[in-house]
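Residues in the sequence shown are numbered consecutively from 264, following our numbering. The beta-carbon is built from N, C-alpha and C at its ideal position, and this holds for glycine as well. Here the structure is a predicted model, which means the values were calculated and not measured.
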Amino acid sequence: MQEGKVYLIGAGPGDTGLMTIKGRELISKADVVIYDALSSLDMLQWAKPQVEKIYVGKRASRHALPQEEINQLLVKEAKKGLMVVRLKGGDPYVFGRGGEEADALVEAGVGFEVVPGITSAIAGPAYAGIPVTHRAYCTQFTVFTGHEDPTKPESTLDIEGIAKAKGTKVVLMGMSNLARLMKQLVEHGQSPDTPVAIVQWATTGRQRSVDGTVDTIAKIAEEQGLGAPAIIVIGDVVKERTKLDWFEKLPLFGRRIVVTRTRKQAGALSHKLAALGAEVVELPTIKIVPPSNPREFAEAVVHSHSYDWLVFTSPNGVDKFFEGFFAVYSDIRSIGGARIAAIGPGTAAKLKAHGLAVDVLAKESVAEGLVQAFKDAQEDIGTLEHMTMLWVHGEQARRVVADGLTSLGAIVDECIAYDTEPELDDPTGAQQLIMQSGADVITFTSSSTVESFMQLDIEWPENCIAASIGPITSRTLHEHGIEPEIEAQDHDINGLVKAIVEFYQD
Ligand code: SAH
Numbered sequence: 264m265q266e267g268k269v270y271l272i273g274a275g276p277g278d279t280g281l282m283t284i285k286g287r288e289l290i291s292k293a294d295v296v297i298y299d300a301l302s303s304l305d306m307l308q309w310a311k312p313q314v315e316k317i318y319v320g321k322r323a324s325r326h327a328l329p330q331e332e333i334n335q336l337l338v339k340e341a342k343k344g345l346m347v348v349r350l351k352g353g354d355p356y357v358f359g360r361g362g363e364e365a366d367a368l369v370e371a372g373v374g375f376e377v378v379p380g381i382t383s384a385i386a387g388p389a390y391a392g393i394p395v396t397h398r399a400y401c402t403q404f405t406v407f408t409g410h411e412d413p414t415k416p417e418s419t420l421d422i423e424g425i426a427k428a429k430g431t432k433v434v435l436m437g438m439s440n441l442a443r444l445m446k447q448l449v450e451h452g453q454s455p456d457t458p459v460a461i462v463q464w465a466t467t468g469r470q471r472s473v474d475g476t477v478d479t480i481a482k483i484a485e486e487q488g489l490g491a492p493a494i495i496v497i498g499d500v501v502k503e504r505t506k507l508d509w510f511e512k513l514p515l516f517g518r519r520i521v522v523t524r525t526r527k528q529a530g531a532l533s534h535k536l537a538a539l540g541a542e543v544v545e546l547p548t549i550k551i552v553p554p555s556n557p558r559e560f561a562e563a564v565v566h567s568h569s570y571d572w573l574v575f576t577s578p579n580g581v582d583k584f585f586e587g588f589f590a591v592y593s594d595i596r597s598i599g600g601a602r603i604a605a606i607g608p609g610t611a612a613k614l615k616a617h618g619l620a621v622d623v624l625a626k627e628s629v630a631e632g633l634v635q636a637f638k639d640a641q642e643d644i645g646t647l648e649h650m651t652m653l654w655v656h657g658e659q660a661r662r663v664v665a666d667g668l669t670s671l672g673a674i675v676d677e678c679i680a681y682d683t684e685p686e687l688d689d690p691t692g693a694q695q696l697i698m699q700s701g702a703d704v705i706t707f708t709s710s711s712t713v714e715s716f717m718q719l720d721i722e723w724p725e726n727c728i729a730a731s732i733g734p735i736t737s738r739t740l741h742e743h744g745i746e747p748e749i750e751a752q753d754h755d756i757n758g759l760v761k762a763i764v765e766f767y768q769d
């Protein structure tokens with residue numbers, strides 16, 4: 264039997280972009296992923312679909328799995344000959360008990376490797392505009408825990424030493440003990456005027472930060488309702504914050520934006536919104552499933568090379584078409600000499616990824632726009648009379664493309680490449696989050712996401728606005744009694760993001 268191995272991987276502080284390339288590669292190869300950091304949930308999408316995912320962290324209803332049991336679990340899974348990824352928030356060896364897990368593995372004779380991660384002790388301050396060291400202020404920094412092992416009889420925290428230490432001090436797990444900690448530091452000689460900042464949910468769209476002094480910070484944090492998980496930074500470097508604050512100045516910072524696309528597709532939109540500082544909640548309302556007649560689909564794909572035109576009206580259509588195509592053919596040239604039309608830039612980009620340029624592209628990314636584009640292009644492309652066309656689309660598509668192109672004289676065959684179904688799974692608790700604590704914007708990128716969102720029966724959150732990718736989606740929203748306050752001018756993902764940013768700029 265192949266020998267199992269455990270990889271202790273740092274998942275970083277929250278922003279998924281802060282995972283290392285090595286960590287991500289290992290996740291994509293793992294047989295089992297054992298995780299507890301909340302941020303890790305997003306990273307599970309990098310794993311193989313069949314991977315076993317075991318959550319060992321805290322849940323609303325129960326405590327985290329005791330450390331001893333986690334250690335045993337790691338050993339047990341590895342001894343099955345599996346490649347086990349153990350994802351831990353931040354860096355695995357910075358107050359993460361990764362050291363204990365490694366000890367247990369060595370004792371059990373199980374091989375392991377460590378992939379360090381970006382610790383919240385450094386990234387948290389950085390995202391709040393605080394460099395942990397700065398030549399103008401300090402030559403050292405100290406990281407300590409504000410919460411000690413409760414089984415230890417006496418405090419091992421050298422408060423006196425810490426109070427006397429020079430430079431920046433960073434506290435992890437210190438929030439429940441904040442007031443007492445600050446008092447103890449002053450008692451041991453720390454100046455009560457030393458600047459202090461607190462960063463909660465650092466590096467995520469939920470980040471909040473406040474600052475004050477050793478004397479005032481506990482009261483400020485309480486007034487502002489800040490709690491764990493948070494980083495406490497003590498020292499003159501905190502003064503840099505007014506100058507170096509960047510994350511909280513991003514245009515969508517502080518906005519909770521819901522993405523209703525399929526789990527697989529959400530990424531493109533989510534990443535752009537998150538990069539602009541938004542707290543993104545992915546609430547997939549639909550999922551892509553095979554068409555109801557897979558045989559017809561397969562036949563259409565096999566004969567696609569015999570058409571004058573291939574017409575694509577969604578990125579999903581391109582994906583599913585080529586999945587089918589490459590299941591039969593191994594060479595893109597088997598597609599023949601057909602010319603190609605696409606409904607919008609997203610669809611065109613998918614085609615380009617296969618090395619295929621688009622001959623006709625709709626100016627306005629709706630079915631009517633595509634028909635219009637064919638009309639406008641006739642001088643260049645010639646008459647459509649008797650041209651054979653294969654229209655690749657989803658089961659729910661409107662008839663506009665077929666009717667419009669037929670009326671221009673083309674002979675239109677259809678290739679139904681996929682269907683959509685409501686997504687009922689809620690593994691990330693997104694539905695619950697929206698119902699309990701609302702959202703600022705819910706984005707809709709197609710009519711089918713609107714329909715499926717409605718089927719979820721989620722009450723529309725208070726003061727929440729809808730953002731629509733274009734007029735057809737807006738009309739569907741309107742039919743459900745929702746008037747979108749944001750409608751993209753360019754009907755694609757970039758257009759939607761732009762419209763949201765502009766809405767908040769005004
Ligand atoms: N190994 C982790 C730390 C684990 S201890 C690391 O290297 O970051 C858990 C503590 O880390 C929390 O109580 C909090 O103090 C801090 N922490 C982790 N992620 C955080 C985040 N995104 N924002 C603020 N604090 C965080």
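Legend entry - Range covered by the alpha helix (DSSP H) that runs through residue 288: From DSSP, the alpha helix (DSSP H) with residue 288 extends over 284 to 292.
Legend entry - Backbone CA spacing between residue 326 and residue 762 [nearest angstrom]: One C-alpha to the other measures close to 42 angstroms.
Legend entry - residue 349, DSSP secondary structure in three states: strand
Inset, instruction - Go through its chain and collect everything with a Cβ distance to residue 502's Cβ below 7 angstroms, but skip five positions before and after it. - result: 458
Inset, instruction - Tell me whether residue 724 counts as near the ligand SAH, meaning its Cβ is closer than 7 angstroms to at least one heavy atom of that ligand. - result: no
Inset, instruction - Work out the CA separation of residue 382 and residue 773 for me, nearest whole Å. - result: Outside the modelled stretch of the chain, which goes from 264 to 769, sits residue 773, for which no answer is possible.
Legend entry - For residue 678, the residue or residues it bridges with in DSSP: According to DSSP, which records beta bridges pairwise, residue 678 is partnered with 655.
Inset, instruction - Taking only heavy atoms of the ligand SAH into account, decide whether any of them is closer than 7 angstroms to the Cβ of residue 688. - result: no
Inset, instruction - Decide yes or no for the touch test of the region 340 to 352 against the region 422 to 441: beta carbon pairs closer than 8 angstroms, at least 3 of them. - result: A contact between stretches requires three or more CB pairs, one per stretch, nearer than 8 angstroms, and the region 340 to 352 fails this requirement with the region 422 to 441.
Inset, instruction - Measuring only between beta-carbons, confirm whether residue 425 sits less than 8 angstroms from chain C. - result: Looking for chain C here will not work: only one protein chain is present.
Inset, instruction - Run the CB neighbour count on residue 348, radius 10 Å, all protein chains shown included, and call it buried at 16 or more, exposed below. - result: Buried is the call here.
Inset, instruction - Consider the C-beta atom of residue 458 and the heavy atoms of the ligand GDP; say whether any pair is separated by less than 7 angstroms. - result: Among the ligands present in this structure, namely the ligand SAH, the ligand GDP is not found.
Inset, instruction - Pull up the distance between the alpha-carbon of residue 217 and that of residue 467, whole angstroms please. - result: For residue 217 there is no data in the structure shown, the boundaries of the chain being 264 and 769.
Inset, instruction - Given a cut-off of 8 angstroms, decide if residue 555 and residue 682 are closer than it, judged by their beta-carbon atoms. - result: Against a cut-off of 8 angstroms, the Cβ pair of residue 555 and residue 682 comes out as a contact.
Inset, instruction - Identify which residue in 373, 312, 313 and 358 has its Cα closest to the Cα of residue 334. - result: 373
Inset, instruction - For residue 582, verify whether its CB is less than 7 angstroms away from any heavy atom of the ligand SAH. - result: no
Inset, instruction - Pick out the complete beta strand (DSSP E) segments inside the region 466 to 498, 3 residues or longer, and give them in chain order. - result: DSSP runs (the beta strand (DSSP E)) wholly in the region 466 to 498: 471 to 476 and 493 to 497.
Inset, instruction - Verify whether the separation of the beta carbon atoms of residue 338 and residue 367 is less than 8 angstroms. - result: Yes, these two residues count as a Cβ contact at 8 angstroms.
Inset, instruction - Please confirm whether residue 605 and residue 621 have their CB atoms less than 8 angstroms apart. - result: Judged by their CB atoms, residue 605 and residue 621 are nearer to each other than the 8 angstroms cut-off.
Inset, instruction - Flag residue 510 as yes when its Cβ comes closer than 7 angstroms to any non-hydrogen atom of the ligand SAH, and as no otherwise. - result: no
Inset, instruction - Examine the ligand SAH and report whether any of its heavy atoms sits within less than 7 angstroms of the Cβ of residue 404. - result: At a cut-off of 7 angstroms, the beta-carbon of residue 404 does not count as near the ligand SAH: no heavy atom of the ligand is closer than that.
Legend entry - residue 331 - DSSP class collapsed to helix/strand/coil: The answer is helix: DSSP assigns residue 331 an H, G or I state.
Inset, instruction - Using beta-carbon positions only, say whether residue 574 and residue 496 come within less than 8 angstroms of one another. - result: no
Legend entry - Per-residue DSSP class, three states only, for residue 309: helix
Legend entry - Ordered list of beta strand (DSSP E) runs contained in the region 430 to 471, each at least 3 residues: 431 to 435 and 458 to 463
Inset, instruction - Tell me whether the beta-carbon of residue 560 lies closer than 8 angstroms to the beta-carbon of residue 365. - result: no
Legend entry - Residue of 285, 275, 287 and 419 minimising C-alpha distance to residue 384: 275
Inset, instruction - Enumerate in chain order the residues of its own chain whose CB-to-CB distance from residue 713 is below 7 angstroms, with the five nearest sequence positions on each side excluded. - result: So the list reads 707, 736, 739, 740 and 743, once near-sequence residues are dropped.
Inset, instruction - May I ask whether a heavy atom of the ligand SAH can be found less than 7 angstroms away from the beta carbon of residue 493? - result: Answer for residue 493: yes, Cβ within range of the ligand SAH.
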